[in-house]
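Structure record follows, encoded as structure tokens.
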Amino acid sequence: MIGREKYAGALGLLLGLTGFLCYLLLSPPTGSGRSLAWVPGGPAEAAMAAAAPAGAKHVLVPVADGSEEIESVTIIDTLVRAGALVTVASVGPEVEVTCSRGVKIKADCKIAECEARDWDAVVCPGGMPGAVSLKENETLEAILRKQNSEGRIVGAICAAPAVVLASHGLLEGKQATCYPASVFQSKIPQLVSEKVVVDQNLITSQGPATSMAFALQLVGSLFGQEKSDEVAKGLLFN
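So the sequence shown is residues 4 to 241, counted in our numbering.
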């Protein structure tokens with residue numbers, strides 16, 4: 004007959020193994036749900052496309068060393084909550100970036116892997132010198148120009164409207180806002196001093212404290228106001 008202590012030990016081991024197996028089977032993959040190597044047109048992209056529900060919205064969020072972490076994570080998290088398929092792409096040599104306050108973000112891929120795809124929205128976080136790195140990346144510039152010419156959503160917050168979009172001439176004829184400092188505001192052709200400004204396909208915002216309102220506006224533009232209100236309610240955002 005098995006002693007009580009041996010029985011308890013065996014039971015504990017069995018439960019531990021069962022829990023570990025459940026974790027392996029049920030826990031989602033890290034990142035944007037990819038477990039395969041990410042290669043344009045490769046098996047990982049094919050698997051992701053096959054798994055995407057009909058009408059899924061694909062959003063690109065480029066990041067760099069020096070990107071603003073509150074803005075970056077708020078944009079990503081809020082859009083994911085709404086059901087968007089968000090791809091975080093590094094414009095630097097590594098997929099891991101160090102944000103403006105030292106927080107590290109591991110991107111899903113590098114920006115070069117995103118150029119051939121169509122995006123429902125491309126959203127640039129601010130932060131310095133991250134915004135400068137976004138501006139200087141030629142692949143991202145090409146993506147933004149294509150996105151704008153096709154009338155798809157282009158979003159930018161904080162320094163990004165001035166440093167990235169204005170530098171590429173993507174604010175011409177449109178109202179926009181940015182971080183309320185003269186060094187940035189002076190670059191906005193039609194400046195509007197509001198937390199979030201929408202003009203056609205362009206959505207801009209001021210900074211870290213307005214990033215939630217900005218992200219919810221992106222949700223509204225992609226999915227409709229009802230979905231935006233639903234996400235806002237879950238976040239206790241009034």
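Every residue gets a Cβ at the ideal spot worked out from N, C-alpha and C, and that includes glycine.
Skipping 5 residues on each side, what residues in its chain have a beta carbon closer than 6 Å to that of residue i?
i: A162; result: G129, M131, A134, Y182, F187
i: L205; result: V157, K177
i: A87; result: K60, V62
i: S103; result: G69, E71, G130
i: A218; result: T77, I78, T81
i: L173; result: N151
i: F226; result: A85
i: T207; result: A159, P164, A179, T180, V200
i: E153; result: none
i: T101; result: D68, K107
Using the C-alpha atoms, what's the distance from residue j back to residue i?
i: V201; j: S224; result: 9 Å
i: A85; j: V126; result: 15 Å
i: C216; j: L168; result: Checking the sequence, you will find Ala at residue 216 rather than Cys. Answer to the nearest angstrom: the Cα atoms are 20 Å apart.
i: S196; j: D68; result: 28 Å
i: T180; j: P192; result: 10 Å
i: E229; j: A235; result: 10 Å
i: G45; j: A110; result: With a pLDDT of 44 at G45, under the threshold of 50, the modelled position of this residue cannot be trusted; read the value that follows with caution. Rounded to the nearest angstrom, the two C-alpha atoms are 18 Å apart.
i: S75; j: L137; result: 13 Å
i: R148; j: K107; result: 28 Å
i: H171; j: V222; result: 25 Å
i: A124; j: R155; result: 6 Å
i: A184; j: L194; result: 12 Å
i: E99; j: S189; result: 32 Å
i: A159; j: D232; result: 21 Å
i: N241; j: G58; result: 28 Å
i: K198; j: Q220; result: 11 Å
i: V166; j: I73; result: 18 Å
i: T90; j: V83; result: 10 Å
i: L238; j: E97; result: 32 Å
Which residues does DSSP list as the beta-bridge partners of residue i?
i: C117; result: Answer is none; C117 lacks a bridge partner.
i: K149; result: None; K149 has no bridge partner.
i: Q193; result: Q178
i: L205; result: V157, D202
Tell me which same chain residues have a C-beta within less than 8 Å of the C-beta of residue i, skipping the five on either side of it?
i: G114; result: It is Ile, not Gly, that sits at residue 114 in the sequence shown. Only P65, A92, S93, V94, N140, T142, L143, I146 meet the Cβ criterion.
Which residue marks the beginning of the alpha helix (DSSP H) containing residue i, and which one marks its end?
i: V135; result: 133-139
i: V234; result: 228-237
i: L82; result: 72-85
i: V186; result: 185-188
I want to check one thing, is the minimum distance from the CB of residue i to the heavy atoms of the ligand HEM below 7 Å?
i: S93; result: The model depicted lacks the ligand HEM and carries no ligand whatsoever.
Which first and last residues belong to the beta strand (DSSP E) in which residue i is found?
i: V64; result: 61-66
i: I156; result: 156-160
i: D88; result: Note on identity: in this sequence residue 88 is Leu, with Asp being the wrong assignment. Counting along the chain, the beta strand (DSSP E) containing L88 begins and ends at 88-93.
i: T213; result: T213 -> no beta strand (DSSP E), and no H or E assigned at all.
i: K177; result: Counting along the chain, K177 falls outside any beta strand (DSSP E), and DSSP gives it neither H nor E.
i: E99; result: 99-101
i: D202; result: 199-202
i: A124; result: 124-127
Going along the chain, which residues of its own chain have a beta-carbon closer than 7 Å to the beta-carbon of residue i, five neighbours each way excluded?
i: Y10; result: Note that Y10 scores a pLDDT of 43, beneath 50, so its modelled location is shaky; the value from the coordinates is reported in the next line. Nothing listed; no residue qualifies.
i: Q203; result: K177
i: E175; result: P192
Compare the C-beta of residue i against all C-beta atoms of chain D and say whether one is closer than 8 Å.
i: A85; result: The chain inventory of the structure shown lacks chain D, comprising one protein chain alone.
Exercise. Inspect the CB distances between the region 200-211 and the region 106-123 and report whether three or more fall short of 8 Å.
Key: Verdict: no, contact absent.
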